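Following: one structure in C-alpha cells, then a few remarks.
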Amino acid sequence: AADLHVVAMRCRSLQSRVRLEIRACLVTAART
Numbered sequence: 047a048a049d050l051h052v053v054a055m056r057c058r059s060l061q062s063r064v065r066l067e068i069r070a071c072l073v074t075a076a077r078t
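The sequence shown maps to residues 47 to 78 in our numbering.
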C-alpha cells in the first residue's frame, strides 16, 4: 500500500509539472 501511495504522489507531481509546462507554452504562444 505504501508503494502505491508513493507512485500516486509521483504521478500527481508529474501531472502538475506537465500542466505548468503546458501553461507556459500557451502563454508564450499567445504573446507571439
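Cβ atoms here follow ideal geometry from the backbone N, Cα and C, with glycine treated the same way. Source: prediction; values computed, not measured.
Through-space distance from residue j to residue i, alpha-carbon basis
i          : j          : result
residue 78 : residue 68 : 16 Å
residue 59 : residue 65 : 10 Å
residue 55 : residue 76 : 32 Å
residue 48 : residue 62 : 21 Å
Range covered by the alpha helix (DSSP H) that runs through residue i
i          : result
residue 78 : Where residue 78 is concerned, there is no enclosing alpha helix (DSSP H), given that its DSSP letter is neither H nor E.
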